[in-house]
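K.L.:
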Amino acid sequence: MAGKKADELDERVGYYGEHLVLLAQTLGLNTCWVGVSYSKVPGTFVLDEGEKIACYIAIGYGETQGAGHKIKTVEQVSNVSALTPSWFRRGVEAALLAPTAVNQQKFSFEHIGVVNDRHQIRTKRGFSLIGYTKIDLGIAKYHFEIGAGTDDFDWV
Ligand SMILES: Cc1cc2nc3c(=O)[nH]c(=O)nc-3n(C[C@H](O)[C@H](O)[C@H](O)COP(=O)(O)O)c2cc1C
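What the sequence shown shows, in this note's numbering, is residues -4 to 151, in sequence order.
1. Between the Cα of R7 and those of V151, A49 and S123, spot the shortest distance and give me the residue it belongs to.
2. What would DSSP say about A90, mapped onto helix, strand or coil?
3. Quick check: what's the CA-CA separation for L165 versus N111?
4. Can you find the residues in the same chain that come closer than 7 Å, C-beta to C-beta, to G144, ignoring five residues on each side of it along the sequence?
5. Going by Cα to Cα distance, which pick from L4, G142 and L22 is closest to R85?
6. Tell me whether T59 is buried or exposed, calling it buried when 16 or more other Cβ atoms sit within 10 Å of its Cβ.
7. Identify, in the order they occur along the chain, each residue of the same chain with its Cβ nearer than 7 Å to the Cβ of L24, setting aside the five sequence neighbours on each side.
8. Using a threshold of 8 Å, is the CB atom of V72 nearer than that to any non-hydrogen atom of ligand 1?
9. Helix, strand or coil for I130? Go by DSSP, reduced to three states.
10. For ligand 1, any of its heavy atoms closer than 8 Å to the Cβ of T59?
11. State the DSSP-derived secondary structure class of A53, mapped to helix, strand or coil.
12. V8 bridges to which residues according to DSSP?
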């Protein structure tokens, strides 16, 4: 990436990076986002002035298909209720299947109302000492869109 850093850049890295991740997974490959724990081998790539690595995505054939782990509940990360549409729950459920940097799932989804027939959905991210919560949020938002569909709501 070159040039001035846009406010939403890290979130976009997560959002669009996850498109690559899920495509690779559907092709039968395995993937892992890598932000921290990798060997920095000199000369592997050359960065121009103003460019930086936001995150890596390792793609290959895994020795295993990974393992499940504990995830939060829909109620813990959203204001789901009898009044929220069923697709809202499906979106949050899909977001809860998204990878996050240290499995902390520090994101939340809030249904805040309907304006001109469009549901308004707001996201928040919590604090993490490790960082990467903006990338995590972008990843989770893409998952939410897959679960909820994009026809009925706007991000606000
Ligand atoms: C932004 C981001 C950065 C990550 N960085 C690392 C990393 O540096 N090292 C690592 O082993 N895993 C890393 N991961 C992988 C997560 O630990 C992993 O996705 C999470 O444990 C969820 O596991 P799952 O993908 O098997 O569901 C990262 C994931 C994300 C989303």
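Glycine included, each C-beta is placed from N, C-alpha and C at the ideal position.
P.N.:
To lay it out plainly:
1. From the listed residues V151, A49 and S123, the smallest Cα separation to R7 is found for A49.
2. Here A90 sits in helix by DSSP.
3. The chain is shown only over -4 to 151; residue 165 falls outside these bounds and no answer can be derived.
4. Cβ within range, chain order: W82.
5. That would be G142, whose Cα lies nearest to the Cα of R85.
6. Taking all protein chains in view, the Cβ of T59 is surrounded by fewer than 16 other Cβ atoms within 10 Å, so the residue is classified as exposed.
7. Result list for L24: I54, G55 and Y56, in chain order.
8. Residue side-chain check: V72 keeps its Cβ at 8 Å or more from all non-hydrogen atoms of ligand 1.
9. It is helical.
10. Not so, every heavy atom of ligand 1 lies at least 8 Å from the Cβ.
11. Judged by DSSP in its simplified three-state form, A53 adopts strand.
12. DSSP lists no partner for V8.
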